[in-house]
Every structure is written in structure tokens, then in C-alpha cells.
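Trainee:
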Amino acid sequence: MVCNRRIRTREEIEEDLRQNQRDNAAPDGLEDRAFKQRRQSRLSRNKCRLNKELVTLIALGVENLAPSESNPPGQQASQSGAERVRRHRESLTPEEQATV
Numbered sequence: 001m002v003c004n005r006r007i008r009t010r011e012e013i014e015e016d017l018r019q020n021q022r023d024n025a026a027p028d029g030l031e032d033r034a035f036k037q038r039r040q041s042r043l044s045r046n047k048c049r050l051n052k053e054l055v056t057l058i059a060l061g062v063e064n065l066a067p068s069e070s071n072p073p074g075q076q077a078s079q080s081g082a083e084r085v086r087r088h089r090e091s092l093t094p095e096e097q098a099t100v
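Heads up: the sequence shown is residues 1 to 100, going by UniProt numbering.
(1) Leaving aside the five residues before and after R84 along the sequence, list all residues of the same chain whose C-beta is less than 6 Å from its C-beta, in chain order.
(2) For Q37 and G29, I'd like the C-alpha separation in whole angstroms.
(3) Spatial neighbours of N24 within its chain, please: C-beta separation below 6 Å, excluding the five flanking residues on both sides.
(4) In chain order, what residues of the same chain have a beta carbon less than 7 Å from the beta carbon of R45, not counting five sequence neighbours either side?
(5) Determine the burial state of L92: buried for a count of at least 16 other Cβ atoms within 10 Å of its Cβ, exposed for fewer.
(6) Work out the CA separation of E15 and L54 for me, nearest whole Å.
(7) Tell me, to the nearest whole angstrom, how far the beta carbon of L50 is from that of N20; I am working on the premise that it is less than 8 Å.
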């Protein structure tokens, strides 16, 4: 089954990173050791996921592309599938291409 996730813009990802920092910031005062470990784990997991998404966005070369109203939806969808994969493969080194 094909996953049709919308590619978020760089600004959206960076805003989510900032929101993650605010949501998982250390509380004022004392903190239970187990709670601190869960909070730091949650912060790290979300940060890693968002950074990976940002790196993928940059690697695909769609860093600042956002859907515009002037393009028909069919044109956006066709560009988002095979075209992104092709661009990503072109940016890989020959060693990385051999493993893909």
C-alpha cells in the first residue's frame, strides 16, 4: 500500500521542532527521575524524527516548495511521486546508489 504523506515545508518542520522543545522542556522545580528520563526520551525521539524529515526534504531538493494555487492538483501529485524518487537517487553517491 502506498503512503501518500504530504511533504511539509521547512518552516513547518522548524516550527514543530520549536514546539517540541516547548512541550518537552524541563519543569520548574524538582522532577522525578523516571519522569525526566521519559521526557528526555520523548524529546530526543521527536527531534530525531523531525531532523530526519528535514534532511530528506533538503536531499529531495524541495526545500522551499509549497503547493501553489496556480498549479492544478494533478500536476502536484505527479511531481511528488516518481519525480522525488528520481531526484533523490540522482543526489546519491555511486556507493549509496549500489545499496538502494
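No residue lacks a Cβ here, since even glycine has one placed at the ideal position from N, Cα and C.
Mentor: In this structure, then:
(1) L60
(2) G29 has its alpha-carbon roughly 16 Å from the corresponding atom of Q37.
(3) R39, R42, L43
(4) none
(5) Classification of L92: exposed, given that the 10 Å Cβ count is below 16.
(6) Going by the C-alpha atoms only, they are around 12 Å apart.
(7) 7 Å
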